[in-house]
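Structure first, then comments.
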Amino acid sequence: MNLIDIHTHGGFGVNFNTANIEDIKHFARQAKLRSIVAFCPTLATDTVENLNIQLLRIKNAMQNQGADEAKILGVYLEALFLNPEKKGIHNKELLLEPSVENFEKLQCREIIKIVTLAPELDRGLEFTSYLKDKGIKVHLGHSMACELYGTNCTTHHFNAMPTLHHREPTATLKALLDDDIYCEIIADTKHVSTDMLKLFFKTKRHDRIILVSDSLALTHSGHEKMEFCGTLINSDGTSDNGTLGGGMMFLDEMIEQLVSLKIVEKEALHKMAWDNVISYLGIDA
Numbered sequence: 001m002n003l004i005d006i007h008t009h010g011g012f013g014v015n016f017n018t019a020n021i022e023d024i025k026h027f028a029r030q031a032k033l034r035s036i037v038a039f040c041p042t043l044a045t046d047t048v049e050n051l052n053i054q055l056l057r058i059k060n061a062m063q064n065q066g067a068d069e070a071k072i073l074g075v076y077l078e079a080l081f082l083n084p085e086k087k088g089i090h091n092k093e094l095l096l097e098p099s100v101e102n103f104e105k106l107q108c109r110e111i112i113k114i115v116t117l118a119p120e121l122d123r124g125l126e127f128t129s130y131l132k133d134k135g136i137k138v139h140l141g142h143s144m145a146c147e148l149y150g151t152n153c154t155t156h157h158f159n160a161m162p163t164l165h166h167r168e169p170t171a172t173l174k175a176l177l178d179d180d181i182y183c184e185i186i187a188d189t190k191h192v193s194t195d196m197l198k199l200f201f202k203t204k205r206h207d208r209i210i211l212v213s214d215s216l217a218l219t220h221s222g223h224e225k226m227e228f229c230g231t232l233i234n235s236d237g238t239s240d241n242g243t244l245g246g247g248m249m250f251l252d253e254m255i256e257q258l259v260s261l262k263i264v265e266k267e268a269l270h271k272m273a274w275d276n277v278i279s280y281l282g283i284d285a
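Using the working numbering, you'd call the opening residue of the sequence shown number 1 and step up by one each time.
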């Protein structure tokens, strides 16, 4: 069962915000052993200087991939352009206004395939339009938005988004009901409860769902604690103050758990981590 993970910050001790080229290749080899045949290394909020270092390293790793490695599809930038009110584990002091000017401070932009942003902070939606014109997928995330603003997908749906409300409009609800927008979901029963997952899978079109791990360097590393975004993360994926840092399971484990809980059939889940991703990114199988 081949899988694609578009949202992973690392695993097996590898953090894409600090990894060297060999680290990245090590992750790619280990990921392929878990049936993840392609992935988007995801960069979290950092200094522009360090993001540029990592973008170049990932670009070099992409150009020298072996047959035993999962394919690097391009970078997912979950960084900088977030709403401070929904920053999660990200460093508030390093956030920037979502703008073309700030984006163009980044190098190797040609390998960036996905950008998460808070569209309500994008003045005139100029940055959103710029990214879409470049063929970069725009994900609504770490946001307080009540509209979808023409974005392509939501970032780890429910997490770092407005809470569902029975009277107030939220992008969280609108994305569930909109048949065009895709939704990422960390379906590990920790980021989203079992009952909310049941509601999600009953409500959202299955061909518009993308399973993601949001995995961290700590995931399957053998360590009890590791740093992410300048914060120490415990083995359950949370910081000492209870903030969720990321996922502690990979897609293969997530699918098996969902099947065992009888939430969704395995065939449907496989499509959410394969067919839907291929269709969404417009890539060859």
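We put the beta carbon where it would ideally sit given N, CA and C, even for glycine.
Where the beta strand (DSSP E) containing residue i begins and where it ends
| i | result |
| --- | --- |
| residue 62 | First-last for residue 62: 48-62, but that is the alpha helix (DSSP H), not the beta strand (DSSP E). |
| residue 37 | 36-44 |
| residue 267 | Unbroken run through residue 267 is the alpha helix (DSSP H), 266-272; no beta strand (DSSP E). |
| residue 26 | Premise fails: residue 26 lies in the alpha helix (DSSP H), 21-33, not in any beta strand (DSSP E). |
| residue 192 | Neither: residue 192 is in no beta strand (DSSP E) and is coded neither H nor E. |
| residue 78 | 75-78 |
| residue 227 | 225-228 |
| residue 234 | 231-234 |
| residue 255 | Unbroken run through residue 255 is the alpha helix (DSSP H), 251-260; no beta strand (DSSP E). |
Residue i to residue j span [Cα, whole Å]
| i | j | result |
| --- | --- | --- |
| residue 148 | residue 175 | 7 Å |
| residue 138 | residue 198 | 26 Å |
| residue 166 | residue 173 | 10 Å |
| residue 31 | residue 259 | 21 Å |
| residue 25 | residue 274 | 22 Å |
| residue 68 | residue 29 | 6 Å |
| residue 236 | residue 37 | 26 Å |
| residue 159 | residue 41 | 19 Å |
| residue 111 | residue 62 | 9 Å |
| residue 72 | residue 215 | 16 Å |
| residue 196 | residue 213 | 17 Å |
| residue 12 | residue 272 | 24 Å |
| residue 283 | residue 70 | 14 Å |
| residue 77 | residue 52 | 12 Å |
| residue 115 | residue 266 | 29 Å |
| residue 125 | residue 50 | 27 Å |
| residue 233 | residue 269 | 28 Å |
| residue 281 | residue 151 | 14 Å |
| residue 134 | residue 109 | 10 Å |
| residue 194 | residue 219 | 21 Å |
| residue 200 | residue 278 | 21 Å |
| residue 23 | residue 10 | 10 Å |
| residue 221 | residue 246 | 14 Å |
| residue 92 | residue 65 | 35 Å |
| residue 33 | residue 164 | 38 Å |
| residue 223 | residue 88 | 22 Å |
Closest residue to residue i among the options (Cα-Cα distance)
| i | options | result |
| --- | --- | --- |
| residue 132 | 120, 100, 262, 105 | 100 |
| residue 55 | 34, 8, 184, 107 | 107 |
| residue 48 | 118, 181, 102, 251 | 102 |
| residue 39 | 90, 58, 130 | 58 |
| residue 117 | 130, 83, 89, 193 | 83 |
| residue 123 | 62, 72, 98 | 98 |
| residue 105 | 86, 164, 14, 80 | 80 |
| residue 162 | 178, 144, 151, 150 | 144 |
| residue 244 | 251, 250, 228 | 228 |
| residue 210 | 251, 234, 233, 240 | 251 |
| residue 276 | 65, 206, 265, 221 | 206 |
| residue 203 | 183, 278, 190 | 183 |
| residue 7 | 85, 34, 189, 156 | 156 |
| residue 90 | 249, 34, 239 | 239 |
| residue 189 | 33, 262, 130, 231 | 262 |
Expected contact under 8 Å - CB spacing of residue i and residue j to nearest Å
| i | j | result |
| --- | --- | --- |
| residue 20 | residue 43 | Actually they do not touch by this definition, with Cβ atoms about 14 Å apart. |
| residue 169 | residue 153 | Going by Cβ atoms, the distance from residue 169 to residue 153 rounds to 19 Å, so no, they are not a contact pair. |
| residue 186 | residue 208 | No, residue 186 and residue 208 are not in contact; Cβ-Cβ is about 16 Å, not under 8 Å. |
| residue 141 | residue 113 | At roughly 15 Å, the Cβ-Cβ gap does not stay under 8 Å, so residue 141 and residue 113 are not in contact. |
| residue 128 | residue 95 | Their Cβ separation, rounded to whole angstroms, is 17 Å, which puts residue 128 and residue 95 out of contact at 8 Å. |
7 Å Cβ cutoff, residue i in contact with chain D
| i | result |
| --- | --- |
| residue 209 | In the structure shown, chain D cannot be found, because there is only a single protein chain. |
### Query
Does the stretch 2-12 touch the stretch 241-258, meaning 3 or more C-beta pairs lie closer than 8 Å?
Touching, yes, given that three or more Cβ pairs across the two stretches are closer than 8 Å.
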